[in-house]
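Colleague:
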Amino acid sequence: MKAVIPAAGQGTRLYPQTYTKPKPLVCIAGKPLLGHILDNLVESRIDDVIIIVGVMRDMVVDYVEENYSDLFTLSFVDQKQTEGLGHSVYQARPVVDDEPICILLGDMLFDNTYESFLQAHERIEDCAGTVGVKQVDNPTSYGIVTLDEEGQIVDLVEKPTDPDSDLAISGVYCIEDSAALFEELAFLIESDIRGTGGEYQLTDALSRMVDSGLNLRTFEVNDWYDCGRPETLLKANQLLLRRNGTDDTEPESSVVIPPVDIADDADVVHSVVGPDVSIDAGAKIVDSRIKCSIIGEESSVRETNIADSIVGDHSEVSGVSNSLNIGDWSEVEL
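Quick note on the numbering used here: the sequence shown kicks off at -18 and runs consecutively.
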């Protein structure tokens, strides 16, 4: 089975962080989003990874090749125009070569391991594919699947106004019959059949597979972290730190309240940091109080009291007492 990771989008909901870097390289809990995904994938049986690239593609390619080329067989496929998840996945068709695929969204992180998803998929016999799902309280905000009494998918709808189910699609798909999926995606694109948001939707192709009589099933996902917006990025940072963050860092003359992730070469002076704070390489924090925030590489924060904030790389913040979200190479002084 090959992994297909769509990572070509503009990431407009994460502005200003994505003005100068692609969404997959936005850092959370000390590592780019794509790094967390690939680290999880290392522990699985998958060793062939296809990444769909687009906006600032070279930055993504350089990062992945530098850090993961000895761990995976890597392929990079360009999506020239960002026209939806279905369109993105379709770009991988020439590389997949009709083999089974596991589709992993580039802005979703999971409590489960990818290997556990593959095992859950394997336990379901005689199916064309499986979809990871979780019960949610607000199904109108998600792609939704409806099941029959035997657990077979009978319908998939993207963000329905009147949902028949509370099973939300979580962003991981294991597809045995990739040829059938690509045929349905080709039909949608060639017929210019667009779904929600005027884009080619993966759920529409899966729905066509169901309508053609193919057996699609589901497996349960414990929890996922949607990292596509600033507020959800901060929440995911918090959850990952509480699961993986260090608590033994104690810079001289400062107080650290775990969980945190402070890079070895970051400098924290006369400050209180934490809980739920990531401070990336080369950053300097002086005379400040920071909690529930992400501080980027080589950034400077001085005489500042902030929470629920994102400070991009190579930025300077001074005299601020508030929440803020600034991108790379920015300066805020009050």
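Yeah, the Cβ is synthetic: ideal placement off N, Cα and C, and Gly gets one too.
So what does I105 bridge to, in DSSP terms?
Modeller: None; I105 has no bridge partner.
Colleague: If you run the structure through DSSP and keep just helix, strand and coil, what is Y181?
Modeller: Coil.
Colleague: Could you compute how far the alpha carbon of P81 sits from the alpha carbon of E297?
Modeller: So the two alpha carbons sit approximately 47 Å from each other.
Colleague: Among Y154, C155, V202, which residue has its Cα nearest to the Cα of V117?
Modeller: When only C-alpha atoms are compared, the closest one is V202.
Colleague: For F53, which option in D29, K61, G65 has the closest C-alpha, if you only look at C-alpha atoms?
Modeller: Cα-wise, what sits closest to F53 is D29.
Colleague: For S188, which three-state DSSP category applies?
Modeller: In the structure shown, S188 sits in a helix (DSSP, three-state: H, G or I).
Colleague: To the nearest angstrom, how far is the alpha carbon of V41 from that of P3?
Modeller: So the alpha carbons of these two residues sit roughly 7 Å apart.
Colleague: Please name the residue in M(-18), L187, D289, A73 whose C-alpha comes closest to that of I27.
Modeller: If we check each option's Cα against that of I27, M(-18) comes out closest.
Colleague: Using the Cα positions of Q62 and G35, report the straight-line distance between them to the nearest angstrom.
Modeller: Roughly 8 Å between the two C-alpha positions.
Colleague: In whole angstroms, what is the alpha-carbon distance linking D145 and L220?
Modeller: So the alpha carbons of these two residues sit roughly 30 Å apart.
Colleague: By Cβ distance below 6 Å, which residues in the same chain neighbour T184 in space, the five residues on each side in sequence not counted?
Modeller: The answer, listed in chain order, is G124, L137, E139.
Colleague: Taking just the CA atoms, how far does L169 sit from R175?
Modeller: Each residue's alpha carbon lies about 7 Å from the other.
Colleague: Pick helix, strand or coil for G11, following the three-state DSSP scheme.
Modeller: Three-state result, G11: coil.
Colleague: Can you check which of these residues, N303, E157, I134, I243, is closest to A149 by C-alpha distance?
Modeller: With distances taken between Cα atoms, A149 lies closest to I134.
Colleague: Assign E165 to buried or exposed, taking buried as 16 or more other Cβ atoms, counted over all protein chains shown, within 10 Å of its Cβ.
Modeller: E165 is buried by the Cβ-count criterion.
Colleague: Considering L90, what are the terminal residues of the beta strand (DSSP E) in which it resides?
Modeller: Unbroken beta strand (DSSP E) run through L90: 89 to 91.
Colleague: Grab the span of the beta strand (DSSP E) containing S30 for me, first residue to last.
Modeller: The residue you asked about is not Ser; residue 30 is Val in the sequence shown. From DSSP, the beta strand (DSSP E) with V30 extends over 29 to 34.
Colleague: At the level of alpha carbons, what is the spacing between Y71 and G(-10)?
Modeller: About 14 Å.
Colleague: When you compare each of A(-16), Q(-2), E231, P5 to D78 by their alpha carbons, which one comes out closest?
Modeller: Of the listed residues, the one whose Cα sits closest to D78 is A(-16).
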